[in-house]
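Structure, as structure tokens:
Numbering (this note's numbering), first residue to last: 91 to 386.
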């Protein structure tokens with residue numbers, strides 16, 4: 091039984107990373123829509139897809155329970171504003187040739203989460219975690235020294251997501267329900283933005299394939315979320331966190347080898363420090379997993 095769960099969890103985790111990693115490539119086929127229009131369409135079709143999933147999985151009761159809890163509704167409303175920025179970046183950056191900066195943010199994210207745990211919950215940093223944090227700081231320092239600043243896209247991802255996760259940690263609600271609730275809060279804004287943008291109707295008339303590809307974006311993002319949640323329930327937390335590094339690797343490879351985004355030579359040094367930090371975190375996670383007693 092545990093072997094089946096492990097296999098299912100590994101499959102779901104790898105599939106989720108592949109789906110999330112392919113989104114930057116997928117949105118390239120949605121030209122000439124700009125990043126903001128892509129974001130609003132993602133909200134629209136993700137809301138529709140998530141609602142269908144709630145019905146199919148018979149989880150509408152969780153939504154009713156959430157709506158009857160004012161405190162959770164208030165917390166998730168704040169969280170929605172935070173995560174909306176991340177969702178917007180995820181489709182805006184690729185169509186503006188900033189996918190490598192996006193991947194850098196996701197490489198840094200686990201490290202900023204480690205620091206968040208230290209600051210917010212007093213969690214002690216293990217020696218390898220501290221070493222990884224120092225290497226990441228060196229990478230950031232090199233980037234600032236070479237270019238005068240760190241990409242705001244990378245900063246927004248690495249520094250913004252921890253605040254969202256702190257809020258989500260306080261809300262004990264089914265993940266699919268939260269995903270649908272977040273999309274529903276943003277849906278009125280999405281409908282208004284889509285309806286009042288004249289360029290959108292012109293694009294639809296000129297590019298008929300958008301009628302299929304735009305709903306596909308909602309299905310893709312929702313499917314990625316569902317298998318991601320399935321993986322989180324089937325794997326040890328440490329292994330789940332370790333496998334999450336696959337996503338920025340795929341995003342980086344898509345950016346460099348498929349989208350052909352330029353990467354200045356000096357930035358390889360930055361990525362070198364970040365990748366060394368990533369490897370150390372992976373090694374540390376593997377040590378924890380190996381030492382943990384097997385669960386029967």
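For glycine and all other residues, C-beta sits at the position ideal for the given N, C-alpha and C. Owing to the predicted nature of the structure, the values given are computational and were not obtained by experimental measurement.
The shortest CA-to-CA distance from residue 102 to any of 315, 356 and 121 is the one to 315. Going by DSSP, residue 258 is part of the alpha helix (DSSP H) stretching over 242–260.
When the Cα atoms are used, residue 181 and residue 113 turn out to be separated by approximately 8 Å. For residue 145, the number of other beta carbons within 10 angstroms of its own is below 16, and it is reported as exposed.
Judged by beta-carbon spacing, residue 337 lies within the 8 Å limit of residue 110, meaning their Cβ atoms are closer than that value. Residue 188 and residue 202 have their C-alpha atoms roughly 21 Å apart. When DSSP assignments are scanned along the stretch 288–356, the uninterrupted stretches of alpha helix (DSSP H) that are 4 or more residues long and fall wholly within it turn out to be 288–296, 300–324, 327–333 and 336–343. By the neighbour-count criterion, in which a residue is buried when 16 or more other Cβ atoms sit within 10 angstroms of its Cβ, residue 121 is exposed. Shown here, residue 239 sits in coil according to DSSP, grouped into three states, outside any helix or strand.
At the C-beta level, residue 176 and residue 125 stay beyond 8 Å of one another. In the three-state reduction of the DSSP assignment, residue 176 falls in the helix class. Residue burial is scored here from C-beta neighbours: residue 308 has at least 16 other C-beta atoms within 10 angstroms and is therefore classed as buried.
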